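Just below is one structure, and these are the notes that go with it.
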Amino acid sequence: MEKIKLLFYGDSPTVNTGFATVSKNILKRLQATGKYDITVLGINYFGDPHDLPYKIYPAIDRRNDVYGRKRLLELLKAKDFDILFTLQDTFIMATIGKAIKKIKKDFKWIYYYPIDVAPQEDWIKQSVAYCDVAIPYTKYAKKESEKILKRDYEVIYHGYDKDDFYIMSDEEKNNFKNKFFKDNNDTFFIININRNQERKGYLQTLLAFKLFNNIVPRSTLYTHCDVANDRGGNLIQVAKQIGLANNWIYPNPEIFKKGISFPTKYINGLYNIADVNISTTYGEGFGLSMVEAMATKTLNIFPDNTAIKEIIGKDRGLLVKSGNTPNNLIANGHLDNNVVRPVTDVVDMVNKLLWAYKNKEGVKKIEETAYIWAKENLDWDKIGEKFNKLIIKAYGKN
4 MEKIKLLFYG
14 DSPTVNTGFA
24 TVSKNILKRL
34 QATGKYDITV
44 LGINYFGDPH
54 DLPYKIYPAI
64 DRRNDVYGRK
74 RLLELLKAKD
84 FDILFTLQDT
94 FIMATIGKAI
104 KKIKKDFKWI
114 YYYPIDVAPQ
124 EDWIKQSVAY
134 CDVAIPYTKY
144 AKKESEKILK
154 RDYEVIYHGY
164 DKDDFYIMSD
174 EEKNNFKNKF
184 FKDNNDTFFI
194 ININRNQERK
204 GYLQTLLAFK
214 LFNNIVPRST
224 LYTHCDVAND
234 RGGNLIQVAK
244 QIGLANNWIY
254 PNPEIFKKGI
264 SFPTKYINGL
274 YNIADVNIST
284 TYGEGFGLSM
294 VEAMATKTLN
304 IFPDNTAIKE
314 IIGKDRGLLV
324 KSGNTPNNLI
334 ANGHLDNNVV
344 RPVTDVVDMV
354 NKLLWAYKNK
364 EGVKKIEETA
374 YIWAKENLDW
384 DKIGEKFNKL
394 IIKAYGKN
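Going by the working numbering, the first residue of the sequence shown is number 4, and it counts up by one from there.
As structure tokens, this is what we get:
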């Protein structure tokens, strides 16, 4: 059987972003079927050597569009593909959705996309409306899309790779914790794994921890991000202004400036030794760190907004009030496409942290429930097969 020629457009599976993690896991499963001849037009890829079994081309073009939208159109016109698979935000794809549809080639467009806030009408009508198969990440994304465009949707969640995220032995945890903390390993350990960008709302994380640490001095916050040079600004300066001086730790920002990525084994270790994994994000398309924490039986405390409540549910984590009053809303203007987003209630986050600190048995029950749910529903191998079936079905219409 002749292989299906598939062009994948999205973050390169070689880089260290949330999108790229999804790219890597989907492509790994499709490649393993032996049914596809895969070509990747990779965002954030600059031609570095790699050992993946398919061709990757840099998306960035001579016009310096990091998304390489014109390059995508040129590639579709120049080469013959059976399937175009795109993994990207709707507000990016909306700029070329109609142009993709106008290309006189016999390919099917599979579009897997997130919604992390109520979308503007054009984002959906100029992208999702033109694809052959629309796959929102979540039921929340489907619901928001349906408000604008009635059509068929196939919801497919992300997953976690059980070889990367797993429960370590007690000995492994103790060794990792002793190396990490040295002389402070009995601290109540809170982690936030989000990137430092506007949407992640790190100010609320720092404020909540400051208040919590005043009540529970033997507590530590670790933020796994570039605290000095990323889109969310210099968090060190922010911490000084709010009076947070103690027990907040983070990687050396120079590591991120040099483009050095942390091994997955290190991230898995963080989840394993953490008491809680928190976020104060203003919205999530899915939230991979929630799933990774579930896989290690680590409690999630996240804001009650967007797709988050769907993943955590009523019994798989603790939800924090968010956007619940007019004071808990924010708009970052052109930096964030002029959308209004829900802000995490800092006091309620502190209350949820205190509950977790005082209720060990209650926490264990939630962690166990979340672990079982993730194991049953978020296996990348099963998710990869869902994508394979949808692609084969679409290809059969050619």
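Ideal Cβ placement from N, Cα and C applies to all residues, glycine included.
Just so you know, these numbers come straight off a predicted model, no measurement behind them.
Pair within 8 Å by beta-carbon distance, Thr283 and Met171: To locate residue 283, count along the sequence shown from 1; it is residue 280. To locate residue 171, count along the sequence shown from 1; it is residue 168. Their beta carbons are not under 8 Å apart, which means Thr283 does not touch Met171 by this criterion.
Regarding Pro56 and the ligand SAM, is the C-beta to nearest heavy atom distance less than 7 Å? As presented, the structure is devoid of all ligands, the ligand SAM included, so that no description of it is given.
Assess contact between the stretch 236-251 and the stretch 143-154, defined as three or more Cβ pairs (one per stretch) separated by less than 8 Å. Is contact present? The stretch 236-251 is not in contact with the stretch 143-154.
For the beta strand (DSSP E) holding Ser222, just list the boundary residues, first then last. Numbered from its first residue, the sequence shown carries residue 222 at position 219. Per DSSP, the unbroken beta strand (DSSP E) holding Ser222 starts and ends at Ser222 to Thr226.
For Tyr274 and Ile252, which I take to be in contact (beta-carbon distance under 8 Å), what is that distance rounded to the nearest angstrom? Position 271 of the sequence shown holds residue 274. Position 249 of the sequence shown holds residue 252. The pair is not a contact, with the Cβ atoms about 16 Å apart (cut-off 8 Å).
Own chain, CB closer than 7 Å to Pro56, minus 5 neighbours either side, in chain order: Position 53 of the sequence shown, counting from 1, holds the residue named residue 56. Excluding residues within five positions, the ones whose Cβ falls inside 7 Å are Gln34.
Keeping to the same chain, check which residues put their C-beta closer than 8 Å to that of Lys385; ignore five residues upstream and five downstream. For the purposes of this step, residue 385 is taken as the residue at position 382 of the sequence shown. Only Gly162 meet the Cβ criterion.
C-alpha gap between Gln207 and Leu302, whole angstroms: As a working note, residue 207 is residue 204 in the sequence shown. As a working note, residue 302 is residue 299 in the sequence shown. Each residue's alpha carbon lies about 19 Å from the other.
Reference Asp339; option with closest CA among Glu201, Ala97 and Lys243: Translated into the one-based positions of the sequence shown, residue 339 becomes position 336. It is Glu201 whose Cα lies nearest to the Cα of Asp339.
With H, G and I counted as helix, E and B as strand and the rest as coil, what does DSSP make of Tyr70? Here residue 70 corresponds to residue number 67 of the sequence shown, with the count starting at 1. In this structure, Tyr70 counts as coil in the three-state DSSP scheme.
Going by DSSP, what residues sit across from Ile113 in a beta bridge? Walking along the sequence shown from the start, residue 113 turns up at place 110. Answer by DSSP bridge pairing, in chain order: Phe88 and Val136.
Three-state class that DSSP yields for Ile276 in the structure shown: For this step, residue 276 is matched to residue 273 along the sequence shown. Under the three-state reduction of DSSP output, Ile276 falls in the helix class.
Identified DSSP bridge partners for Asn195: Position 192 of the sequence shown, counted from the first residue, corresponds to residue 195. DSSP output for Asn195 lists Thr226 as bridge partner(s).
Could you work out which residue in Asn327, Phe390 and Pro345 is closest to Asn335 when comparing CA atoms only? Looking up residue 335 in the sequence shown gives position 332. Its Cα nearest to that of Asn335, the residue Pro345 stands out among Asn327, Phe390 and Pro345.
Test item: CB-CB of Val18 and Leu90 under 8 Å: Walking along the sequence shown from the start, residue 18 turns up at place 15. Walking along the sequence shown from the start, residue 90 turns up at place 87. At the C-beta level, Val18 and Leu90 stay beyond 8 Å of one another.
To the nearest angstrom, how far is it from the Cα of Asn401 to the Cα of Asp155? The residue labelled residue 401 in the question sits at position 398 within the sequence shown. The residue labelled residue 155 in the question sits at position 152 within the sequence shown. Reliability of the predicted coordinates at Asn401 is poor, the pLDDT of 44 falling under 50, and no value is obtained from them.
In angstroms with no decimal places, state the Cα-to-Cα distance between Glu124 and Ile118. On the sequence shown, position 121 is the one that residue 124 refers to. On the sequence shown, position 115 is the one that residue 118 refers to. Rounded to whole angstroms, Glu124 and Ile118 show a C-alpha spacing of 12 Å.
Taking buried to mean at least 16 other C-beta atoms within 10 Å of its own C-beta, is Glu174 buried or exposed? The residue labelled residue 174 in the question sits at position 171 within the sequence shown. Exposed.
Helix, strand or coil at Asn232 [DSSP, three-state]: As a working note, residue 232 is residue 229 in the sequence shown. Here Asn232 sits in coil by DSSP.
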